[in-house]
Structure formats: structure tokens, C-alpha cells
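Throughout, our numbering is defined as the position within the first sequence, counted from one, plus 224. Even for Gly, the Cβ is constructed at its ideal location relative to N, Cα and C. Note that the structure is predicted; figures quoted are calculated from it, not measured.
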Amino acid sequence: MKIATYNVNGINGRLSVLLQWLDEAKPDIICLQELKAPNEKFPQKPLRDLGYTALWHAQKSWNGVAILSRVGEIHEVRRGLPGNPDDMQSRYIEAAVAGIVIAGLYLPNGNPRPGPKFDYKLRWFERLIAHAATLMESGHPVILAGDFNVMPTDLDVYKPERWLDDALFAPEVRAAYFELLEQGWTDALRSLHPGEAIYTFWDYFRNAYARNAGLRIDHLLLSPSLTDRLIAAGVDRHVRSWEKTSDHAPVWVDLRNRSKAKR
DNA sequence: ATGCCTAATGCAATTAGA
């Protein structure tokens, strides 16, 4: 079973790229971020024509997350992170699909730092850590997938020294990421490719993709029972070279089917 | 320090992204 995350940077502006990639890669479950469209403008029909049902949590202009599936019903668990009823930004959606709890998230960017946006990022991260702890304690197979807006280590940045003061690489943000991992989550891509520079984002400026001036900020974190099923993980980086493409590339994991002998 | 690019909104220029 292939599960992916993809920050599309505008689902309607990038729809042809999204559909082409889905048709080519045929992932089973996909978490999308940055829909940048109101709920009523979610392109349900073209996705359904490709065999995907969808659940989305969007808002006008900014943010917006969705879960797509072609392997069975999407059972919504929650939309929005608990812990702040005043938070109106559509950045979190959680559903049960094919026996797995899928948490799709779009962590705040946080720039400029310092400032209110950075404070919001840190508070949002704290809420994620608290909620992820309850998911971990549940014992269910869980995957936290999305745009975390964090490069965990120097290896995840083309030029780390230039990013030290940035909200995506600040010490307190990386510390929050590792505090989350310490609950028992496995960073799927890094666990299978230790020591390898792999990026998921290249900005539109300065010919960044051609220079491979990238960042690794999109992550798939697996609970222990899913880590045992992890076969492969990768980035479909060629999608970043397409016309009208997002500044992110899709990231995916391949999981072994549940063993009947063990159940 | 800022622009470089791109999208959404809405029809010009601003906000936001990372």
C-alpha cells in the first residue's frame, strides 16, 4: 500500500499536475496541503473520475488539507487540532482509511522570526505534540503526514548555514520536531535513507530546482506497527520539473499488507 | 537587506509562501 503526501500549492491551479501524477504513481492514500480554495471549490469530480474519494478541510485563499483514497472509505475522525477553538486556519484533518489512522497536517511556516507568526507556529507544534501523544497511546497504526515546515537536520538543507535564523530551521522548531519523534514515531524517508541528502521542496526563485537547492520539509511519520511494515520510501522529484508545478514534490511510503498470520 | 517566482483575490497591488 502506497501512502503519499503532497503540498500542491493551490489545488485548482495545479490540478492538471496533480491528476497526471496520480495517474502515473497510483498512490492508494494521499494527504494534500495548501489547497488554497474554499470548500465549495474542491475539485471532487475529476478526482472521483480517477477513482479517488476525498475528504477535505479548506478555506478561502490559504491553507487547506485533504485526504484522498482509492482503497476504501474515508472515515473522518476530526478536522482541526484540539487545544485552541479560536484557531480558524485549516491545517489538520484526521481519518481512518484501510485500517490506518491518517493524520494530514500543514504546519505553519512561522516566518518572520521572531514575531506573532513564529509564536503561532510554536503553539501549533505544541498542540500537535499533545495530540500525537494520544494517537501514539491509542496503539492504532497511525501515520502523521504532511508539510511540517521543518528541516530536521543539516542534511535536510542544501546550505544549512544560511537557514539558521529561519523559522523552518530554528533550534526551537527542530527541538519540537525531535520531541515529537521521541514519542516513538519513525521518519520513514530518513530511516530507509540515512546519510542521504533528499529534498522535497525547491523554491521558485533563483532556478533552485535546477541547482538542487532544496529542503526536506514534507514528512511521513509512522507509528511502531507501521514501521514494521515499511518497505520503501521516496520522493517523486521529477514532478517538480513539470509545467505549472508546485514548489513541493510528492513524498511516499510503501507499506507491506497486514500479515494474516500475525492477526 | 531585498528581489528573484507563483497563487489568490479580483482587476492593481497586496499578502503569503519558505
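With 16 other Cβ atoms within 10 Å as the buried cut-off, status of residue i
i       : result
Glu-467 : exposed
Asn-431 : exposed
Arg-487 : Residue placement at Arg-487 is poorly supported in this model, since its pLDDT is 49, which falls under 50; the coordinates still yield a value, given next. That one is exposed.
Asn-236 : exposed
Asp-380 : buried
Pro-376 : buried
Arg-302 : exposed
Arg-272 : exposed
Ala-357 : exposed
His-299 : exposed
Option nearest residue i by Cα separation, candidates the options
i       : options                               : result
Ser-483 : Met-375, Asp-452, Ala-400 and Asp-460 : Asp-452
Val-459 : Ile-298, Ala-249, Pro-270 and Gly-234 : Ala-249
Asp-310 : Asp-411, Arg-347, Thr-277 and Leu-416 : Arg-347
Gln-283 : Val-325, Pro-262 and Glu-300          : Pro-262
Leu-405 : Pro-448, Ala-278, Asn-287 and His-281 : Pro-448
Val-295 : Val-463, Thr-277, Phe-266 and His-462 : Thr-277
Asn-333 : Asn-287, Ala-412 and Ile-422          : Asn-287
His-355 : Ser-314, Ala-391 and Gly-307          : Gly-307
Met-312 : Arg-337, Tyr-344, Glu-300 and Glu-318 : Tyr-344
Ile-353 : Gln-407, Asn-373 and Tyr-428          : Gln-407
Arg-238 : Ile-253, Glu-258 and Leu-479          : Glu-258
Leu-446 : His-299, Asn-373 and Thr-410          : Thr-410
Tyr-401 : Val-374, Trp-387 and Thr-424          : Val-374
Pro-418 : Val-366, Phe-393, Ala-457 and Arg-435 : Ala-457
Leu-479 : Tyr-428, His-462 and Leu-454          : Leu-454
Terminal residues of the alpha helix (DSSP H) in which residue i lies
i       : result
Tyr-382 : Premise fails: Tyr-382 is in no alpha helix (DSSP H) and is neither H nor E.
Ala-437 : Careful: Ala-437 lies outside any alpha helix (DSSP H) and carries neither H nor E.
Ala-412 : 412–416
Other residues of its chain near residue i: CB distance less than 7 Å, five sequence neighbours each side excluded
i       : result
Gly-363 : none
Asp-251 : For clarity, residue 251 is Pro in the given sequence; the question names Asp instead. Excluding positions up to five away in sequence, the list reads Lys-226, Ile-227, Ala-228 and Trp-476.
Arg-464 : Trp-426, Tyr-433 and Ala-473
Ile-422 : Leu-413, Arg-440 and Val-459
Asp-389 : Arg-337
Cβ neighbours of residue i in the same chain (closer than 8 Å, five flanking residues each side left out)
i       : result
Asp-378 : Pro-384
Extent of the continuous beta strand (DSSP E) to which residue i belongs
i       : result
Gln-257 : 253–257
Tyr-428 : Where Tyr-428 is concerned, there is no enclosing beta strand (DSSP E), given that its DSSP letter is neither H nor E.
Thr-229 : 226–231
Own chain residues within Cβ distance below 6 Å of residue i, not counting five before or after
i       : result
Trp-280 : Phe-266 and Ala-290
Asn-481 : none
Leu-274 : Leu-246
Phe-342 : Gly-334 and Ala-391
Gly-304 : Tyr-316
Gly-370 : Thr-229, Cys-255, Gln-257, Gly-328, Leu-329 and Tyr-330
Residue i CB to nearest heavy atom of the ligand HEM below 6 Å
i       : result
Leu-444 : The ligand HEM is not among the ligands present in this structure, which contains no ligands whatsoever.
Query - Whole beta strand (DSSP E) elements within the region 285–339, 3-residue minimum - result: Restricting attention to beta strand (DSSP E) runs no shorter than 3 residues, the region 285–339 encloses them at 289–293, 299–303, 316–321 and 324–330, ordered along the chain.
**Report entry** Segments assigned alpha helix (DSSP H), at least 4 residues, entirely inside the region 347–406
**Finding:** Taken in chain order, the whole alpha helix (DSSP H) runs of length 4 or more contained in the region 347–406 are 395–405.
Query raised in the report: Taking the runs of the alpha helix (DSSP H) that are 4 residues or longer, which of them lie wholly in the region 235–281?
Result: If we require 4 residues or more, the alpha helix (DSSP H) runs fully inside the region 235–281 come out as 239–249 and 268–273.
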